[in-house]
Each structure stands twice: as C-alpha cells, then as structure tokens.
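Residue numbers are given in my numbering: position 159 of the sequence shown equals residue 160, and the series is strictly consecutive. Working notes, structure below.
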Amino acid sequence: MGKIIAVANQKGGVGKTTTSINLAAGLAVKGKKVLIIDADPQGNATSGFGIDKNDLDHTIYELILGECTVRDCMISNAVENISVIPANVNLAAAEIETIGMDNKEYILKNEIDYVRDDFDYIIIDCPPSLNMLTINAMTTADSVLVPIQCEFYALEGLSQLIHTINLVRDRLNPELDIEGVVFTMYDARTNLSAQVVENVKENLRQRIYNTVIPRNVRLAEAPSFGMPITLYDPKSAGAEAYIKLAEEVIASDEE
2 MGKIIAVANQ
12 KGGVGKTTTS
22 INLAAGLAVK
32 GKKVLIIDAD
42 PQGNATSGFG
52 IDKNDLDHTI
62 YELILGECTV
72 RDCMISNAVE
82 NISVIPANVN
92 LAAAEIETIG
102 MDNKEYILKN
112 EIDYVRDDFD
122 YIIIDCPPSL
132 NMLTINAMTT
142 ADSVLVPIQC
152 EFYALEGLSQ
162 LIHTINLVRD
172 RLNPELDIEG
182 VVFTMYDART
192 NLSAQVVENV
202 KENLRQRIYN
212 TVIPRNVRLA
222 EAPSFGMPIT
232 LYDPKSAGAE
242 AYIKLAEEVI
252 ASDEE
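Here it is as structure tokens:
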C-alpha cells in the first residue's frame, strides 16, 4: 500500500510545489513508483512535468465532481516512474461546487483508495490556503510534509497550519501525522538562513529533516522547461538535495 504525503503550507512562495515535484522525482530516481496529485488550481505541479494544463479533458476537478474516474484523469508515466493527476484553473470552483455534498471532506480519499496499491508513494501538492482542497488532501494523506522558506517570517502561519493538522486528526483522519519540516531556499552566504534554521529548531517540536534545500538557479529554471530537476540538471545542487531528501523519507519509513 502506497504512503500518501501531503505537502502543505498556507504561506505562498515557500517552495511547496518545487518540493512536491522534486521529492517525487527523487523518489522515482530511487526506483519508487510515484503518483503526484496536483490539488492547487494554479496547476504548477502539472506544468512542472511538461503537461499542458489548459488542454485537458479530465483533471482533479472532474474527479471531485464525479465526472470521471481516477484512472480517466491520471496521466501515466508523465516521466519515468511518475504518474500525475493534473489540475488547472477550473479547480478554483471546487469549493462552491461541493457545497451540500455528503462527506465532501473525503471525496479525494475515496477516489485515491482505488489506485493506492499501484504506487509506493503518493505526493499531494496542496494549495497555499487552508480550504476544502487542503482538508481533502489531509483526509487522504498519512502525513503532512511542511516546507519552510529560510526567511524572517518563516514561522508565521505555521502554528495555524499545525492547529489545522491537529483538528483534521481529531475529527476526520486519526492516522494523520506530521511527516516533518524541510527548509527551502537556504542561502549559505547569509546569516539569516542559519538563524532561521536555529529559530525553527528551538520553537518546533516536529521532526526536521537533515537535508536543506539550497537556493538554486537551476531549480528555479526547471519548471519553465517542464522537467523536474533530476532530468533538467541531475548534477545540480538542487537535484542532489532532493535525492537526499527522498533518501531520508524512504529511510524514515523503513525504521
């Protein structure tokens, strides 16, 4: 049975989609079969794998509305070992469309259960807000991975996210854990990045990954070419960091 990890932080611009795409790619490099679910109406995880998000008949939006099956909307082997459930701007209407639906918090979970055994890992890229889509991701997931940008306001909003995770655990998904925190956009040339890491370590009781994702030009370029960093520049510092993160994730599951 595949492990499901939701990548979430309601603060935008923290490297959430970059982490979703490239953690999936790192796991794939390690021979794992991965499904990535784009639950963000911006559809950046979709285009990050070279998929034209505006030219799709079936996306996660149609899946949530019951207009297609999970296999209808899945793009198998978008890159080697990685399949994608895509999203586009239509998904922004899902919040309104699901008003009044029974068990609307479990729509995604009920669909993903059909394919869970086909994958080693399922990564859900959550939207940068705590809405119905994020709740659906958390009821589907086994754990939540939280990317934190190495900047002054890193901890802002984090307590709200942890509160939401705890609420979901109490009321909707008692199995939900916090997978851990990963630092992104680390700049070794500045004191600030090191101070942020220390500050978070002092204030968080959650697991913090040893791997730190550096600020890396090649990482920033890769999505515009529709490739994860492991394909775009496998020798870059960004690619090496995400493969190390994937190794940590795999190792923690084998403990």
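C-beta atoms are modelled at their ideal positions from N, C-alpha and C, and glycine is treated no differently. No experiment lies behind these values; they were computed from the predicted model shown.
Report, in whole angstroms, the separation of the C-beta atoms of residue i and residue j, which I expect to be a contact under 8 Å.
| i | j | result |
| --- | --- | --- |
| G158 | A88 | Wrong, their Cβ atoms sit about 23 Å apart, outside the cutoff. |
| I251 | G239 | About 19 Å separates the two Cβ atoms, so there is no contact after all. |
| I37 | T141 | 13 Å between Cβ atoms; not a contact. |
| I108 | N137 | 6 Å |
| V8 | I124 | 6 Å |
Could you pull the DSSP bridge partners for residue i from this structure?
| i | result |
| --- | --- |
| S144 | I6 and D178 |
| Q150 | T185 |
| L162 | L162 is not bridged to any residue. |
| E36 | For clarity, residue 36 is Leu in the given sequence; the question names Glu instead. Answer is S84 and I123, bridged to L36. |
Is it buried or exposed for residue i, if we count other Cβ within 10 angstroms and need 16 for buried?
| i | result |
| --- | --- |
| P175 | exposed |
| D41 | buried |
| F120 | buried |
| A29 | buried |
| V71 | buried |
| S21 | buried |
| Q150 | buried |
| F126 | Checking the displayed sequence, the identity of residue 126 turns out to be Asp instead of Phe. D126 comes out buried. |
| N200 | exposed |
| G181 | buried |
Looking at C-alpha atoms only, which residue of the options is the closest neighbour of residue i?
| i | options | result |
| --- | --- | --- |
| I86 | N111, T47 and K110 | T47 |
| S225 | P129, F50 and S194 | F50 |
| K245 | M228, E256, L220 and T212 | T212 |
| V15 | G227, E249 and T185 | T185 |
| R216 | N200, S237 and Q207 | S237 |
| Y154 | Q196, L134 and D178 | Q196 |
| E203 | N167, E249, L156 and V145 | L156 |
| E96 | I61, C69, M75 and Y115 | I61 |
| L92 | V80, N55 and S160 | N55 |
| E248 | M2, N23, K12 and G27 | G27 |
| H164 | Y187, D188, V183 and M139 | M139 |
Checklist line | Unbroken stretches of the alpha helix (DSSP H), 4 residues or longer, contained in the segment 57 to 134 | finding: 61 to 65, 71 to 74, 95 to 98 and 108 to 113
task: Tell me the start and end of each unbroken alpha helix (DSSP H) in the segment 184 to 256 that is at least 4 residues and wholly inside, in chain order.
output: 192 to 204, 218 to 222, 230 to 233 and 238 to 255
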